[in-house]
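Q:
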Amino acid sequence: MSGTTGSGTDHRGDVARDPRKWIVIDGAREHNLRSVSVAIPKDAITVFTGVSGSGKSSLVFSTVAVESQRQLNETFPTFVRNRLPRYEKPEVDRIEGVSTAVVVDQKPIGGSARSTVGTATDIYSIIRVLFSRAGEPSAGMATAYSFNTPEGACPRCDGLGRTTTVDLDAMIDKTKSLNEGALRFPLFAPGMVQWQMFAASGLFDLDKPVGRYSETEWRNLVYGPDDGVQLERSGPWTSYEGLLDKFQRLYLNRDLSSLSARTRKAVQQFTTQGVCPLCHGARLNQAALATKLDGYTIDDYANMEVVELVEVLGKIDHPLGVQLAAQAIAGLRRLDEIGLGYLHLGRETTTLSGGEAQRLKMVRFLGSSLTGMTYIFDEPSVGLHPRDVGRMNRLLTQLRDKGNTVLVVEHDRDVITVADHVVDMGPAAGVHGGEVVFEGTVADLRAADTATGRALRRRSAIKSGIRTPTGYLKVTGASLHNLCDVSVDIPTGVLTVFTGVAGSGKSTLVSEVFAAEHPEAIIVDQAGLGTSTRSTPVSHLGVMDAIRKAFAAANSVDAGLFSFNSKGACRACGGRGEVTADMAFMDPVTTVCERCHGDRYDPDVLGYTLGGKSIVEVLALTAEEAVDFFTDRAVRRKIGSLVEVGLGYLTLGQPLSSLSGGERQRLKLAGELGKSGGLYILDEPTTGLHMSDIDTLLRLLDRLVDAGNTVLVIEHDLDVIEHADHIIDLGPDGGRHGGQVVFEGTPAQLLDARNSYTAQYVRRDLGRTAAPSDQ
1 MSGTTGSGTD
11 HRGDVARDPR
21 KWIVIDGARE
31 HNLRSVSVAI
41 PKDAITVFTG
51 VSGSGKSSLV
61 FSTVAVESQR
71 QLNETFPTFV
81 RNRLPRYEKP
91 EVDRIEGVST
101 AVVVDQKPIG
111 GSARSTVGTA
121 TDIYSIIRVL
131 FSRAGEPSAG
141 MATAYSFNTP
151 EGACPRCDGL
161 GRTTTVDLDA
171 MIDKTKSLNE
181 GALRFPLFAP
191 GMVQWQMFAA
201 SGLFDLDKPV
211 GRYSETEWRN
221 LVYGPDDGVQ
231 LERSGPWTSY
241 EGLLDKFQRL
251 YLNRDLSSLS
261 ARTRKAVQQF
271 TTQGVCPLCH
281 GARLNQAALA
291 TKLDGYTIDD
301 YANMEVVELV
311 EVLGKIDHPL
321 GVQLAAQAIA
331 GLRRLDEIGL
341 GYLHLGRETT
351 TLSGGEAQRL
361 KMVRFLGSSL
371 TGMTYIFDEP
381 SVGLHPRDVG
391 RMNRLLTQLR
401 DKGNTVLVVE
411 HDRDVITVAD
421 HVVDMGPAAG
431 VHGGEVVFEG
441 TVADLRAADT
451 ATGRALRRRS
461 AIKSGIRTPT
471 GYLKVTGASL
481 HNLCDVSVDI
491 PTGVLTVFTG
501 VAGSGKSTLV
511 SEVFAAEHPE
521 AIIVDQAGLG
531 TSTRSTPVSH
541 LGVMDAIRKA
551 FAAANSVDAG
561 LFSFNSKGAC
571 RACGGRGEVT
581 ADMAFMDPVT
591 TVCERCHGDR
601 YDPDVLGYTL
611 GGKSIVEVLA
621 LTAEEAVDFF
631 TDRAVRRKIG
641 SLVEVGLGYL
651 TLGQPLSSLS
661 GGERQRLKLA
671 GELGKSGGLY
681 ILDEPTTGLH
691 MSDIDTLLRL
701 LDRLVDAGNT
711 VLVIEHDLDV
721 IEHADHIIDL
731 GPDGGRHGGQ
741 VVFEGTPAQL
751 LDARNSYTAQ
761 YVRRDLGRTA
771 APSDQ
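With the UniProt record's numbering applied, the sequence shown corresponds to residues 1 to 775, in that order.
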């Protein structure tokens, strides 16, 4: 691919590039991009690097990907187009040479409790056909083996594998009457729509305490009368139904994820979940579960790890099943090749990490014979041990070698090394970034004077000063998931890093077993951060209320005036700062609000000031500037946490939707710094961080430990591992081949470990050995 590499200079204004061979971008201005012009070679792997917030995602996803998807949608008839997602034309002067883009991002796969690894990859569909044709006794067509169809689902749990029981003692306060709120469920409270059905039934004295109900009245309330009751009063009901039936129909006979967060939380307060007593968690009806193939049921298949299932399928010799088994094996091997061999087809997709979900999406494209596509990946190394990054790199090269263009936003050194072309963004983040600071080969990047170039040249070293533990926290006999009766002493007062390949049991041991035993722990995990355009760094940190109150006190007015989500919102745009016109079958057009000029606040509010600045001017301050502006110590401390985690360049009012993945991760960490407690658990805090940003993270971890805290980190990054005081390495592999502690000790002691993949890659990183063979 040497013919596609650049020369180490940019292509600003270069109109001579052939769009048949290059994706040509002129004047890109999305988010913080500063009129970026760049040429990206086709049929090559181009990796976009740069510090977090430098503009990589704005260029690749918000510009290239959006324009590709927008133009593709324009090729469809208006009837179809009106049912597709709508993409607004990105802020760019010109894009040429784009092809159809497939975006593989870190967003959850979606779906619900009914979505599994098997259904998401379509491998389970092949397995269903296999059992319908080759299994004995057959339960019927393939739909008879689907837990998402009436033909196959367990009648007791409706195919979910678990049943939910209503806690009547928690739901009903027997000391109160219906008028007094005997029904504790919020949506059944007096005056609510659902409560009116009970009132309109005529079955109860609404002022009589429920505890004094007769047996008949109690049965009517909970189960309803046997002969039913027609309601005379006009309303949304034609007949009365008991409390349990109504609650079951409205909230339990549907997936909880489809409910609002508030309703879901309320439902969970009054219910308990357990394994379905009929199917025992298998989801299917008894006829489907009775079918066997070579002694295995379809539920056995769903609960086997990928690598184990490949072995079982390879032994099938049924004339109607051999070809189907081969199809399933091909998909399963792709899962194993991408480092997901420890998963099983019955694993719910909602339980996957961001990295696992992204790799699962990749599998769907690896079997495709399409060429001329543009595949766009968002940090595909997330959640991967260095051993597995090599596997993932081979998949990227396979996509390229089929005749596709591969664009990768990435920080990992090993992913950068497989690039045919590199575009480095910077020079810094936020308002200090948005420029192309380097284009060219990986070799030239190593010599470049950029943050990425300097980081690639830096030599790694083991931490010299190891802290002495102040005590130990014990985990004894942990056997959850794949953990094999693990007992371990976790030192306190130091930085402990838990390592191991994906699926080895790190998160199970720390985030589930240990965290359950220590509810006081402050946990910074990878759960999603709200990305509403109305959410800002200061609202996330809980500082906005204090800022509004300060403005209100200084001007003797209502604090609501200083919220663009309340009384202070611009009357023309509702506090959005922009107006989007729906152009029917055309792309939407968004323009800056003419009344507030994008400030979100009504112009009348801007006359009120604090320290000589309006609310708009205050929210335009960077975190670094705001620390000096405010006098309130609590506000200064919370905003100062942004500076501590390396986000001092963010403005206070910047929408969270505009932040990169790395920025969101650090913002979550900043939100936890001010909390009291001596025990921190961080799950892969380097997610989205540039190599140079990791130094900032390490200084922060040191500060937490030096302040007397115990810090536990689940991590694959070698810089973090080498900086630990204590390492607990799990393995030796993932899934059923993992779940054991293969090493405990200091980083220096890890160098001599012989049964550890982590040790192999630490030795390589320090220049002690060559790259392991599977790299």
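Using N, Cα and C, we set each Cβ at its ideal position, and we do this for glycine too. These numbers come from a predicted model, not from an experiment.
According to DSSP, is R763 part of a helix, a strand, or is it coil?
A: Position 763 of the sequence shown, counted from the start, is the residue given in the question as residue 763. Here R763 sits in helix by DSSP.
Q: Short of 7 Å in beta carbon distance, which residues of its chain neighbour D93, apart from the five on each side in sequence? Order them along the chain.
A: The residue labelled residue 93 in the question sits at position 93 within the sequence shown. Taken in chain order, the residues that qualify are D26, G27.
Q: State buried or exposed for D706, treating a residue as buried only when at least 16 other CB atoms are found within 10 Å of its CB.
A: Here the question's residue 706 lines up with position 706 in the sequence shown. Exposed: under 16 other Cβ atoms inside 10 Å.
Q: Should residue 784 be labelled buried (16 or more other beta-carbon atoms within 10 Å of its own) or exposed?
A: The structure shown does not extend to residue 784, since the chain is modelled only from 1 through 775, so no value can be given for it.
Q: In the structure shown, what three-state DSSP assignment does R754 receive?
A: Walking along the sequence shown from the start, residue 754 turns up at place 754. If DSSP states are grouped into helix, strand and coil, R754 belongs with coil.
Q: Check whether the Cβ of T405 lies closer than 7 Å to any heavy atom of the ligand SAH, and answer yes or no.
A: Because no ligand of any kind appears in the structure shown, any question about the ligand SAH cannot be addressed here.
Q: Determine the direct distance from the alpha carbon of S539 to that of S614, and round the result to whole angstroms.
A: Here residue 614 is taken as the residue at index 614 of the sequence shown, counted from 1. Here residue 539 is taken as the residue at index 539 of the sequence shown, counted from 1. Going by the C-alpha atoms only, they are around 18 Å apart.
Q: Which residue from N303, V275, D317 puts its Cα closest to that of D294?
A: As a position in the sequence shown, residue 294 is number 294, starting the count at 1. Ranking the options by Cα distance to D294, first place goes to D317.
Q: Can you give me the start and stop residues for the beta strand (DSSP E) that K474 sits inside?
A: Position 474 of the sequence shown, counted from the first residue, corresponds to residue 474. Residues 471-478.
Q: Tell me the start and end of each unbroken beta strand (DSSP E) in the region 712-747 that is at least 3 residues and wholly inside, in chain order.
A: Counting only runs of 3 or more, we get 726-731, 740-745.
Q: Residues in the same chain with beta-carbon distance under 8 Å from G367, minus the five sequence neighbours each way, listed in chain order, please.
A: Residue 367 sits at position 367 when you count from the first residue of the sequence shown. Cβ within range, chain order: A330, G331, R334.
Q: Report the residue from M373, I416, G383 whose alpha carbon sits nearest the alpha carbon of G394.
A: In the sequence shown, the residue the question calls residue 394 occupies position 394. It is Arg, not Gly, that sits at residue 394 in the sequence shown. When each option's Cα is compared against that of R394, the closest is I416.
Q: Run the CB neighbour count on K315, radius 10 Å, all protein chains shown included, and call it buried at 16 or more, exposed below.
A: Numbered from 1 along the sequence shown, position 315 holds the residue referred to as residue 315. That one is exposed.
Q: Per the DSSP calculation, R162 is bridged to which residue(s)?
A: As a working note, residue 162 is residue 162 in the sequence shown. Looking at the DSSP assignment, R162 forms a beta bridge with V275.
Q: Can you give me the Cβ contacts of L352 inside the same chain, cut-off strictly under 6 Å, excluding the 5 residues immediately before and after it?
A: Here residue 352 is taken as the residue at index 352 of the sequence shown, counted from 1. Within the same chain, L352 has no close Cβ partners at all.
Q: Considering only the alpha carbon of each residue, which of H723, R763, A44 lies closest to R400?
A: Taking the sequence shown and counting its residues from 1, the one referred to as residue 400 is at position 400. Comparing Cα-Cα distances from R400 to each of H723, R763, A44, the minimum goes to A44.
Q: Excluding sequence positions up to five away, which residues of its chain have a Cβ less than 8 Å from the Cβ of S68?
A: Counting from 1 along the sequence shown, the entry for residue 68 is found at position 68. The residues are V98, S99, T100, A101, T374.
Q: List the residues that DSSP assigns as beta-bridge partners of V38.
A: Taking the sequence shown and counting its residues from 1, one reaches residue 38 at position 38. For V38, which the question treats as bridged, DSSP gives the partners I25.
Q: Would V497 and V645 be called neighbours here (beta carbons separated by less than 8 Å)?
A: Here residue 497 refers to the residue found at position 497 of the sequence shown. Here residue 645 refers to the residue found at position 645 of the sequence shown. Contact flag unset, no.
Q: If we ignore side chains and look at the alpha-carbon of each, how far apart do T746 and I466 end up?
A: What you label residue 746 is simply residue 746 of the sequence shown in a count that begins at 1. What you label residue 466 is simply residue 466 of the sequence shown in a count that begins at 1. If you take the alpha carbons of T746 and I466, they lie about 8 Å apart.
Q: Assuming R94 is part of the beta strand (DSSP E), what are its boundary residues?
A: Residue mapping note: residue 94 aligns to position 94 of the sequence shown, counting from 1. Counting along the chain, the beta strand (DSSP E) containing R94 begins and ends at 94-96.
Q: Note down the Cα distance separating A170 from R283, rounded to an integer number of angstroms.
A: In the sequence shown, counting from the first residue as 1, residue 170 sits at position 170. In the sequence shown, counting from the first residue as 1, residue 283 sits at position 283. Those two C-alpha atoms are separated by around 28 Å.
Q: Which residues in the same chain as R736 place their Cβ atom closer than 8 Å to its Cβ, once the five residues preceding and following it in sequence are excluded?
A: Position 736 of the sequence shown holds residue 736. Hits under 8 Å: E305, E308, Y342, N482.
Q: Residues in the same chain with beta-carbon distance under 7 Å from V616, minus the five sequence neighbours each way, listed in chain order, please.
A: By 1-based counting over the sequence shown, the position of residue 616 is 616. Closer than 7 Å at Cβ, skipping near neighbours: D599, Y601, L606.
Q: Rounded to a whole number of angstroms, what is the C-alpha to C-alpha distance between L130 and L289?
A: What you label residue 130 is simply residue 130 of the sequence shown in a count that begins at 1. What you label residue 289 is simply residue 289 of the sequence shown in a count that begins at 1. So the alpha carbons of these two residues sit roughly 14 Å apart.
Q: With distances taken Cα to Cα, identify the nearest neighbour of R457 among K463, L445, S138, S464.
A: Within the sequence shown, numbered from 1, the residue matching residue 457 stands at position 457. Cα-wise, what sits closest to R457 is L445.
Q: Hey, V222 and L243 are a contact pair by Cβ (cut 8 Å); roughly how many whole angstroms apart?
A: Taking the sequence shown and counting its residues from 1, the one referred to as residue 222 is at position 222. Taking the sequence shown and counting its residues from 1, the one referred to as residue 243 is at position 243. Rounded, the Cβ-Cβ distance is 5 Å, consistent with contact.
Q: When the distance is taken between beta carbons, is R364 closer than 8 Å to I338?
A: Counted from its first residue, the sequence shown places residue 338 at position 338. Counted from its first residue, the sequence shown places residue 364 at position 364. No, they are not a contact pair.
Q: What whole-angstrom Cβ distance do S460 and L718 have, given they're in contact under 8 Å?
A: As a first step, residue 460 is located in the sequence shown; it is residue number 460 there, counting from the start. As a first step, residue 718 is located in the sequence shown; it is residue number 718 there, counting from the start. With a Cβ gap of about 7 Å, S460 and L718 count as contacting.
Q: Expressed to the nearest angstrom, what Euclidean distance is found between the alpha-carbon atoms of L509 and L679?
A: For the purposes of this step, residue 509 is identified with residue 509 of the sequence shown, where counting begins at 1. For the purposes of this step, residue 679 is identified with residue 679 of the sequence shown, where counting begins at 1. Whole-angstrom Cα-Cα distance: 16 Å.
Q: Can you tell me whether DSSP reads F188 as helix, strand or coil?
A: Looking up residue 188 in the sequence shown gives position 188. It is helical.
Q: Which residues does DSSP pair with M425 in a beta bridge?
A: In the sequence shown, counting from the first residue as 1, residue 425 sits at position 425. According to DSSP, which records beta bridges pairwise, M425 is partnered with G50, V436.
Q: Taking the alpha carbon of G430 as the point to measure from, which residue in A419, A620, S479 has its own alpha carbon closest?
A: Start at 1 with the first residue of the sequence shown, and residue 430 comes out as number 430. Checked all of A419, A620, S479; the closest Cα to G430 is A620.
Q: Distance, Cα to Cα, H31 vs L384?
A: The residue given as residue 31 occupies position 31 in the sequence shown. The residue given as residue 384 occupies position 384 in the sequence shown. Going from the Cα of H31 to the Cα of L384 covers about 29 Å.
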